[in-house]
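Sequence positions in the sequence shown follow mature numbering (1 follows the signal peptide of the UniProt record, and there is no 0) and run -20 to -1, 1 to 494.
By construction, the Cβ of each residue, glycine as well, lies at the ideal position given by its N, Cα and C atoms.
Model, not experiment: these values are computed from the prediction.
Quick notes on the structure that follows.
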Amino acid sequence: MLFTVLGLIALFLGERNTNATVGVEVQEEDQHDVPPLRSSDGQEIDACCKEPLLVEPVSVHSEEPSLVEPDSVHSEQPSLVEPVSVHNEEPSLVEPVSVHSEEPSLVEFVSVHSEQPSLVESVSVHSEQPSLVEPDSVHSEQPSLVEPDSVRSEQPSLVEPDSVHSEQTSLVEPDSVHSEEPSLVEPVSVHSEQPSLVEPVSVHSEQPSLVEPVSDDPSFDFSDEPGSHAVEDPTCQTEDKETQIIEINSQGYEIGAELDKGGCGTVYEGSRLEDGLQVAVKVSNFKKKQLISVDGFDEPLPLEIALHFLANKGPKVKEIIELLDWKVEADHYFMVLERPIPCVSLFDFLSKHRGILPEDKLRKIMLQTIIAAQTCCQRGVLHRDIKLENLLINPDTLEVKLIDFGCGDLLTEDIYKEFRGTREFAPPEFWRIGRYRGEPATVWSLGVVLFLMIFCRYPGKADLPKVNNKHIPINGLSKECCDFFHGCLQLNQMDRLNLQKLNSHEWFKELNTF
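Dropping the structure here:
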């Protein structure tokens, strides 16, 4: 009877102890069992109980996943931080303390579909302080360096193929006008900060052409109406300066405002004091003293003066500006030139007419330009810089005069390996093999001049194959004009028209002599 009462008391005390223990959080990570109760005689009362102590604050052995799970849904590797197992003899590296912890994780799992789980598992579910790394933020103000699908990114990706609202264009654009593969005659890109891959050696032409080349357009059609690509009228201002008097070979000249400035020198207004003749005075520095001997002169002359003198030698040809006088000093020289009034450059004239000239005016201008080029070559001079800026035109009479021999050379039968002038007018054989001949190169430059007057842009690589097909008509121009046009711009120099026979072409037969 006594033993029965003692046993009931022991069971009652053991039950109370068990209930008191359930819900108590584990204080030591390596303590899971509570010492058993013993009777007054030292015998264990519940010695046969072999079940582990139940310390389950949040149902750790639940079949359902933990309230705090890694965010990775498709994780193929288990998380390195697992829920605390009561039976685990070694404690968890990160043990959840409170589900409603007031202090959030500093690193929050970012990618939902990441195949590799986070090394640090988020502890707090109801964290009141947001994570320092916000997952999948669409409106992130600093996007990833490579963000193909970012639409609203305020700072565009360095490589952003699909960005719609990108405020900065890609550094490499498809079908870019500034193709890395240069055309045979590649115009100078005015906005380009990096020079062309194939750049002609322009020695005297340091200032690019005033004609802004239009970019190559592979879809260009020769049926375009002439003048449809007209360039804007450039702004040219004459600079007023204090006049001064200079003496050249016993003649006094009053020097006025600056007319033009280029790679070969500066040109000023002038008047001869003796009779008031209006002239142009060009002052050039000796960048490289090139002197040649000319018959009738004791001392060698600077190359530009000698070439201009030779081009004027013989019967007067009104299509070439006249050299009136000159003076050579130690580091520079003066040239006194004819100044027709009124006159403008052919570029300015073309710009004023918005690039739209009727065929009869084109023909008259081209014939005079051809006569000037033929005369130079017949007198042993290769001008090598025939272009719109070096052709003066009287806007009333359409009389044309060739100027500026600063890029020229003596004409020989030899092959030239150096090109001086404006690179857009260099012949294609120079780019292909590094050599060219004088007269075929001159014919090519005349073809480029006509191309500019018709389309107001330089010929590009997409145009040249079409030009070589001599049967492609140009909208609004006669068959004879098209044939002349095609004959000057043949890629093979042997197929080009002969310079000395250009003025007898069918296109000029209807032109009245003047």
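* Asked: When we look at the beta-carbon of E310 and count the other beta-carbons within 10 Å, is it buried (16 or more) or exposed?
  -> Taking the first residue of the sequence shown as position 1, residue 310 is located at position 330. Checking the sequence shown, residue 310 turns out to be Ala, not Glu. Exposed, by the Cβ-count rule.
* Asked: Y233 and V316: beta carbons closer than 8 Å?
  -> Numbered from its first residue, the sequence shown carries residue 233 at position 253. Numbered from its first residue, the sequence shown carries residue 316 at position 336. Yes, the Cβ-Cβ distance between Y233 and V316 is below 8 Å.
* Determine the extent of the alpha helix (DSSP H) in which Q348 is found, giving its start and end residues. => In the sequence shown, the residue the question calls residue 348 occupies position 368. Taken as a continuous stretch (DSSP letters only), the alpha helix (DSSP H) holding Q348 covers E339 to Q358.
* Asked: DSSP three-state call for residue 508: helix, strand or coil?
  -> With the chain covering only -20 through 494, there is no way to say anything about residue 508.
* So which of G294, G386, L290 and K296 has the shortest CA-CA distance to K241? -> Working through the sequence shown from its first residue, we reach residue 241 at position 261. Closest option to K241, Cα to Cα, is G386.
* Enclosing beta strand (DSSP E) for R252 [first to last residue] -> Translated into positions along the sequence shown, residue 252 becomes position 272. Where R252 is concerned, the enclosing beta strand (DSSP E) stretches over G245 to R252.
* To do: Kindly indicate which three-state DSSP category L491 falls into: helix, strand or coil?
  => Residue 491 sits at position 511 when you count from the first residue of the sequence shown. Coil at L491, not helix or strand.
* Cα-Cα separation, L378 to K344 -> The residue you call residue 378 lines up with position 398 of the sequence shown. The residue you call residue 344 lines up with position 364 of the sequence shown. A direct Cα-to-Cα measurement between L378 and K344 gives close to 8 Å.
* If you follow the alpha helix (DSSP H) that A406 is part of, which residue opens it and which one closes it? -> Within the sequence shown, the letter at position 426 stands for residue 406. Segment: none, A406 is in no alpha helix (DSSP H) and carries neither H nor E.
* Asked: Considering only C-alpha positions, which residue in the set Q231, D384 and C244 is nearest to F302?
  -> Locating residue 302 in the sequence shown gives position 322, counting from the first residue. The identity of residue 302 in the sequence shown is Glu, whereas the question assumes Phe. Of Q231, D384 and C244, the residue nearest in Cα terms is D384.
* Asked: Between which two residues does the beta strand (DSSP E) containing A237 stretch?
  -> For this step, residue 237 is matched to residue 257 along the sequence shown. From DSSP, the beta strand (DSSP E) with A237 extends over Q231 to G242.
* To do: Kindly give me the distance between the Cβ atoms of A291 and V361, rounded to whole angstroms, as I take these residues to be in contact under 8 Å.
  => The residue given as residue 291 occupies position 311 in the sequence shown. The residue given as residue 361 occupies position 381 in the sequence shown. That pair is a contact at about 5 Å.
* To do: Would you mind stating whether I235 and G250 have Cβ atoms separated by less than 8 Å?
  => What you label residue 235 is simply residue 255 of the sequence shown in a count that begins at 1. What you label residue 250 is simply residue 270 of the sequence shown in a count that begins at 1. Yes.
* **For M346, the nearest candidate out of F289, V308 and F431 (CA to CA)** => What you label residue 346 is simply residue 366 of the sequence shown in a count that begins at 1. When each option's Cα is compared against that of M346, the closest is F431.
* Between the Cα of E369 and those of Q358, G243 and S264, spot the shortest distance and give me the residue it belongs to. => Counted from its first residue, the sequence shown places residue 369 at position 389. Residue nearest to E369 within the set Q358, G243 and S264 is G243 (criterion: CA-CA distance).
* Asked: Which whole runs of the beta strand (DSSP E) in the region 292 to 345 are 3 residues long or more, in chain order?
  -> For the region 292 to 345, whole beta strand (DSSP E) runs of length 3 or above, ordered along the chain, are 303 to 308 and 312 to 318.
* Going along the chain, which residues of its own chain have a beta-carbon closer than 6 Å to the beta-carbon of Q348, five neighbours each way excluded? -> Here residue 348 corresponds to residue number 368 of the sequence shown, with the count starting at 1. So the list reads E299 and V380, once near-sequence residues are dropped.
* To do: Take every Cβ of the region 388 to 396, pair it with every Cβ of the region 411 to 419, and state whether three or more of those distances are shorter than 8 Å.
  => Contact between the region 388 to 396 and the region 411 to 419 is present: 3 or more CB-CB pairs across the two stretches fall below 8 Å.
* To do: Look up P439 in the DSSP assignment and say whether it is helix, strand or coil.
  => Translated into positions along the sequence shown, residue 439 becomes position 459. In the structure shown, P439 falls within a coil segment according to DSSP collapsed to helix, strand and coil.
* To do: Compare the beta carbon distance of A353 and I373 with 8 Å and say whether it is the shorter of the two.
  => Position 373 of the sequence shown, counted from the first residue, corresponds to residue 353. Position 393 of the sequence shown, counted from the first residue, corresponds to residue 373. Contact annotation: A353 and I373 have beta-carbon atoms that are not nearer than 8 Å.
* **Buried/exposed call for T(-17), threshold 16 Cβ in 10 Å** => Against the sequence shown, residue -17 aligns to sequence position 4. The Cβ neighbour count for T(-17), taken over all protein chains shown within 10 Å, is under 16; the residue is labelled exposed.
* To do: From the DSSP output, in three-state form, read off H209 for me.
  => Residue mapping note: residue 209 aligns to position 229 of the sequence shown, counting from 1. The predicted position of H209 is uncertain, since its pLDDT is 37 and thus under 50; no value can be drawn from it.
* Asked: From P282, C462 and K293, pick the residue whose C-alpha is nearest to that of K268; which is it?
  -> Here residue 268 corresponds to residue number 288 of the sequence shown, with the count starting at 1. K268 has its Cα closest to that of P282, out of P282, C462 and K293.
* Asked: Secondary structure at Q480, three-state DSSP: helix, strand or coil?
  -> On the sequence shown, residue 480 is found 500 positions in, with the first residue counted as 1. In this structure, DSSP gives Q480 a helical state, which the three-state scheme calls helix.
* Give a single yes or no on whether K298 has its beta carbon closer than 7 Å to a heavy atom of the ligand MG. => Inclusion of the ligand MG in the displayed structure is not the case, the ligand content being empty and no account of it being possible.
* How should R319 be labelled, buried or exposed, when 16 other C-beta atoms within 10 angstroms of its C-beta is the threshold for buried? -> Taking the sequence shown and counting its residues from 1, one reaches residue 319 at position 339. The residue is buried, with at least 16 neighbouring Cβ atoms inside 10 Å.
* For N265, which residues does DSSP report across the bridge? -> One-based indexing of the sequence shown puts residue 265 at position 285. H312, per the DSSP bridge assignment.
* Asked: Would W424 pass as a contact of E460 if the rule is Cβ separation under 8 Å?
  -> As a first step, residue 424 must be located in the sequence shown, where it is residue number 444. As a first step, residue 460 must be located in the sequence shown, where it is residue number 480. Going by C-beta atoms, W424 is not nearer than 8 Å to E460.
* To do: Report the three-state DSSP secondary structure of I366 (helix, strand or coil).
  => Counted from its first residue, the sequence shown places residue 366 at position 386. Residue state, collapsed to three classes: coil.
* Asked: According to DSSP, which residues form a beta bridge with Q270?
  -> Your numbering for residue 270 matches position 290 in the sequence shown. Paired residues: none, contrary to the question.
* Among the residues of its own chain, which have a CB less than 7 Å from the CB of E409, if the five just before and after it don't count? -> Locating residue 409 in the sequence shown gives position 429, where the first residue counts as 1. Answer for E409: R415, Y416 and Q473, listed in chain order.
* K459 - containing beta strand (DSSP E), residue span -> Residue 459 sits at position 479 when you count from the first residue of the sequence shown. Careful: K459 lies outside any beta strand (DSSP E), inside the alpha helix (DSSP H) at K459 to C468.
* Asked: Can you tell me whether DSSP reads E227 as helix, strand or coil?
  -> As a first step, residue 227 must be located in the sequence shown, where it is residue number 247. E227: strand per DSSP, three-state reduction.
* To do: Confirm, please, whether the CB-CB distance from K307 to I225 is below 8 Å.
  => Here the question's residue 225 lines up with position 245 in the sequence shown. Here the question's residue 307 lines up with position 327 in the sequence shown. No. Outside cutoff.
* Residue range of the alpha helix (DSSP H) that includes L444 -> The count along the sequence shown starts at 1 and reaches residue 444 at position 464. For L444, the enclosing alpha helix (DSSP H) has its first and last residue at L444 to N448.
* Asked: Is the beta carbon of N448 sitting closer than 8 Å to the one on Q470?
  -> Here residue 448 refers to the residue found at position 468 when the sequence shown is read from its first residue. Here residue 470 refers to the residue found at position 490 when the sequence shown is read from its first residue. The Cβ atoms of N448 and Q470 sit closer than 8 Å to each other.
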